[in-house]
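First up is the structure itself, then whatever we jot down about it.
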Amino acid sequence: MIAFEHVGKRYGGRFEALANIDFRVQRGEMVFLTGHSGAGKSSLLRLIMRLERPSRGKVRVAGHDIAGLHASQVPFYRRQIGVVFQDHQLLFDRDVFANVALPLEIQGAEPREIARRTRAALDKVGLLHREKALPIELSGGEQQRVGIARAVVNKPSLLLADEPTGNLDPQLSADIMTLFEDFNRIGTTVLIASHDLALIARLRHRVLRLRDGRLVGDQEAT
Amino acid sequence: MSERESAKAARSSSPRGARSQRTVMRSRFSAWARHHRAMCLDSAGRLIRTPIASLLTMLAIAIALILPTALWLSLDGARLLDAELDESATLTAYLDSDVDEREAMRVAEALGAAPAVEAVRLITAAEGMAEFQQALGLEDALERLETNPLPASVVVSPQDASPEAMRTLATQLEAVGGVDEVRVDLAWLERLKRLAELGRRVTLALGVLFGLGVLLVVGNTIRLAVESRRQEIEVVTLIGATHGFVRRPFLYSGAWYGLGGGLLAWALLALGRQWLSAPATALAESYGASFTMPGLDGAGSATLLVSSTLLGLLGAWIAVSRHLADIRPR
Chain W
0 MIAFEHVGKR YGGRFEALAN IDFRVQRGEM VFLTGHSGAG KSSLLRLIMR
50 LERPSRGKVR VAGHDIAGLH ASQVPFYRRQ IGVVFQDHQL LFDRDVFANV
100 ALPLEIQGAE PREIARRTRA ALDKVGLLHR EKALPIELSG GEQQRVGIAR
150 AVVNKPSLLL ADEPTGNLDP QLSADIMTLF EDFNRIGTTV LIASHDLALI
200 ARLRHRVLRL RDGRLVGDQE AT
Chain F
0 MSERESAKAA RSSSPRGARS QRTVMRSRFS AWARHHRAMC LDSAGRLIRT
50 PIASLLTMLA IAIALILPTA LWLSLDGARL LDAELDESAT LTAYLDSDVD
100 EREAMRVAEA LGAAPAVEAV RLITAAEGMA EFQQALGLED ALERLETNPL
150 PASVVVSPQD ASPEAMRTLA TQLEAVGGVD EVRVDLAWLE RLKRLAELGR
200 RVTLALGVLF GLGVLLVVGN TIRLAVESRR QEIEVVTLIG ATHGFVRRPF
250 LYSGAWYGLG GGLLAWALLA LGRQWLSAPA TALAESYGAS FTMPGLDGAG
300 SATLLVSSTL LGLLGAWIAV SRHLADIRPR
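Protein chains in written order, with numbering that gives the first Met the number 0: chain W, 0 to 221; chain F, 0 to 329.
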């Protein structure tokens, strides 16, 4: 599903964010990406989302070299990827339903279809009863679950998450991870950047370890 | 095929045959039209929710539109006047003072037969005197004169009222026997025509300048709107929105601003016309002229509204294109 082939990324010609990254993630896998802050986790995710292009090497997603995508194709590529952000990036001027429905609206889905799938996604994260609430009225854990519902509402084949449990207490973090495992069980490839090592160790999935922009560990699932 | 089915066909990654291809196209088009409708209403709603700010922007646009439009209207009025002047452009041929009435009629006929002449009217010495007396109110003084000092004259309407043609005609007519002198008052006619040309150019230049002003007003307003929705733009870009999708609400806002400004300009012009009409007509009447205040007809109103809407749209387009390039998701 994801293949990094000797990928390097430099910013401004000097700072080397990533160097010689080489790994593959199979379709349907669930993988954690760890490392201290500044190790290059976010840069790696940004390469997959094609917010950046690699300075060296190739990034392939679903077999395509995504650096070769024309600017007009990028939006359509991004629609196949669900992304969960640490700060969840909800829009505070509209209710929970409208936030989750956003990807479907961008794709031009039919209104009845939007309503059906948005409610299904909200039900999955346990927030169907809050669909009319504004994000500001929700707790941090609830806001993150709305962010997850938005990421999965159009059934992406790849789900990326950047520190999805960054600001949450251990119990809420575990709940969030269980949600990701549920999506993985139905065939979604999941890649989660996190530095919550205790939680990651307990979940026993494959772990990629980054240090100073280099891949220093690839621990298989146990 | 029901809507639900066609939406399913649209999602299927391998459309089967021409029939499902068509439904894919139809469903894409209806999604596109739906978004246009939604954004058209949404941007109007945003304008209405901040009524004072929207009204001020529209007022600025209206003021920028009013000046060139008003100038254009007064030129239009002047053009009507111009055409009337062309009709009334005449030459006066004064005959030798020893020409008697019968001779004068013969000369007038000769002048009327000249090729570039449209019509002639003979004013005999007696008629000239009567006109003169009436115009000056000097009946007593003039009655004391023993002989009529005025010559007979022939008023000649030319076929071509252009200054050059009239000058040529004047020389030709002067050569006719019995004609003493031909007078053409060309100077004021030429001056008026030059003034009209100057007015046209000033209006055009002002129109371009103020049109640019509208672009700037709308552009600046849209720039602020883009800035205030920066986070939203970043998020929708991250989850796969196309440039068109992001641009659309701002383009509609620009068009609404333009249309609102155009309507306001139209209303203010109508008010101004109402206000100026009575004194202007009275003034014209005191000169013995009939005058109707120029106003926007149907075509003129449509031109004003369409061009103000297009200017708004263009201003928004420029602003959005410039500022979207700056907004890249972090």
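No residue lacks a Cβ here, since even glycine has one placed at the ideal position from N, Cα and C.
Problem set entry | Delimiting residues of the beta strand (DSSP E) encompassing A160/W | 157 to 161 is the span of the beta strand (DSSP E), which, as asked, contains A160/W.
For this session: Using a Cβ cut-off of 9 Å, pull out every chain F residue sitting near F75/W, in sequence order please.
Result: Within 9 Å Cβ-Cβ: G239, T241.
Problem set entry | I51/F burial status per 10 Å Cβ neighbour count (16 or more: buried) | With fewer than 16 Cβ atoms within 10 Å of its Cβ, I51/F is classed as exposed.
Exercise. For D92/W, which option in R45/W, D86/W, E136/W has the closest C-alpha, if you only look at C-alpha atoms?
Worked result: Ranking R45/W, D86/W, E136/W by CA distance to the CA of D92/W puts E136/W first.
For this session: Note down, in chain order, all residues in the segment 243 to 264 of chain F with a beta-carbon under 8 Å from any beta-carbon belonging to chain W.
Result: Against chain W - using a Cβ distance shorter than 8 Å - the residues of the segment 243 to 264 of chain F are F244.
Exercise. Using a C-beta to C-beta distance shorter than 9 Å, which residues of chain W count as neighbours of W31/F?
Worked result: By Cβ distance, chain W contributes G107.
Exercise. Under a CB-based cut-off of 8 Å, is G11/W close to chain F?
Worked result: Closer than 8 Å: no.
Problem set entry | is_contact[P134/W, chain F] using C-beta, thresh 8 Å | Taking Cβ atoms only, chain F never reaches closer than 8 Å to P134/W, which makes this a no.
Problem set entry | Inter-residue spacing [alpha-carbon to alpha-carbon] between V106/F and L90/F | Across the structure, V106/F and L90/F are spaced so that their CA atoms are roughly 15 Å apart.
Problem set entry | Closer than 8 Å to chain W by CB, H34/F | H34/F counts as touching chain W.
Exercise. For the 8 Å Cβ check, are there 3 or more pairs between the segment 21 to 37 of chain W and the segment 174 to 188 of chain W?
Worked result: Judged by Cβ distances under 8 Å, the segment 21 to 37 of chain W makes contact with the segment 174 to 188 of chain W, as three or more pairs qualify.
Exercise. Quick check: the segment 51 to 68 of chain W against the segment 4 to 22 of chain W, are there 3 or more CB pairs under 8 Å?
Worked result: Touching, yes, given that three or more Cβ pairs across the two stretches are closer than 8 Å.
For this session: Could you name the residues of the same chain whose beta carbon sits closer than 7 Å to that of A61/F, not counting the 5 residues immediately before and after it, in chain order?
Result: Counting only Cβ-Cβ distances below 7 Å, and skipping sequence neighbours, we find G260, L263, A264, L267.
For this session: Kindly indicate which residue of L168/F, R199/F, M292/F, H322/F has the alpha-carbon position closest to the one of L270/F.
Result: When L168/F, R199/F, M292/F, H322/F are compared, the shortest CA-CA separation from L270/F is found for M292/F.
Exercise. Would L101/W count as contacting chain F if we go by Cβ distances under 8 Å?
Worked result: Judged by the 8 Å Cβ criterion, L101/W is in contact with chain F.
Exercise. How many angstroms separate the CA atom of L110/F from the CA atom of L258/F?
Worked result: In this structure, the CA atom of L110/F is about 59 Å from the CA atom of L258/F.
Exercise. Going by C-alpha distance, which of I47/W, E51/W, S71/W is nearest H63/W?
Worked result: Closest option to H63/W, Cα to Cα, is I47/W.
For this session: Return the CA-CA distance between A324/F and N183/W, expressed in angstroms with no decimal places.
Result: Each residue's Cα considered, the two are about 36 Å apart.
For this session: Might you give, ordered along the chain, the residues of its own chain that have their beta carbon closer than 6 Å to the beta carbon of G198/F, omitting 5 neighbours on each side?
Result: Annotation for G198/F: L74 place their beta carbon closer than 6 Å to its own, counting only its chain and skipping 5 residues before and after.
For this session: Just the chain F side, please: which residues come within less than 8 Å of L90/W by C-beta, in chain order?
Result: Neighbours of L90/W on chain F, chain order: Q230, E231, V234.
Problem set entry | chain W within 8 Å of R27/F, Cβ atoms only | Interface flag for R27/F against chain W is set, since a Cβ pair is found closer than 8 Å.
Problem set entry | Outcome for S252/F when other beta-carbon atoms lying within 10 angstroms are tallied against a minimum of 16 | By the 10 Å Cβ count, S252/F comes out buried.
For this session: Could you tell me the distance, in whole angstroms, from the CA atom of G34/W to the CA atom of K154/W?
Result: Each residue's CA atom was taken as its position, placing G34/W and K154/W some 29 Å apart.
Exercise. What's the call for Y256/F, buried or exposed, on a 16-neighbour Cβ count within 10 Å?
Worked result: By the neighbour-count rule (16 or more Cβ atoms within 10 Å), Y256/F is buried.
For this session: Under 8 Å by Cβ, that's how I've got G212/W and A70/W pegged, so tell me the actual separation to the nearest angstrom.
Result: About 27 Å separates the beta carbon of G212/W from that of A70/W, a gap too long to meet the 8 Å contact definition.
Exercise. Are any of the Cβ atoms in chain F nearer than 8 Å to that of V82/W?
Worked result: So, interface residue.
Exercise. For the 8 Å Cβ check, are there 3 or more pairs between the segment 160 to 171 of chain W and the segment 113 to 125 of chain W?
Worked result: Inter-segment contact for the segment 160 to 171 of chain W and the segment 113 to 125 of chain W is absent: fewer than three beta-carbon pairs are separated by less than 8 Å.
For this session: Report the rounded CA-to-CA distance for I326/F versus E162/W, giving the unit in angstroms.
Result: Rounded to the nearest angstrom, the two C-alpha atoms are 23 Å apart.
Problem set entry | Amino acids of chain F, ordered along the chain, whose beta-carbon sits closer than 7 Å to that of R78/W | Going along chain F in sequence order, the residues near R78/W (Cβ under 7 Å) are G239.
For this session: Would you identify the three-state DSSP class for Y251/F, choosing helix, strand or coil?
Result: Looking at Y251/F - three-state DSSP - the assignment turns out to be helix.
Exercise. What are the start and end residues of each continuous beta strand (DSSP E) run of 3 or more residues lying completely inside the segment 57 to 86 of chain W, in chain order?
Worked result: Within the segment 57 to 86 of chain W, the complete beta strand (DSSP E) runs of at least 3 residues are 80 to 83.
For this session: Give the single residue among S41/W, L68/W, Y76/W, G12/W whose Cα lies nearest to the Cα of L157/W.
Result: Among S41/W, L68/W, Y76/W, G12/W, the Cα nearest to that of L157/W is on Y76/W.
For this session: Entirely within the segment 87 to 164 of chain F and at least 4 residues each: give me those alpha helix (DSSP H) ranges in chain order.
Result: DSSP assignment within the segment 87 to 164 of chain F yields the following whole alpha helix (DSSP H) runs of 4 residues or more, N-terminal first: 100 to 111, 124 to 135, 138 to 142.
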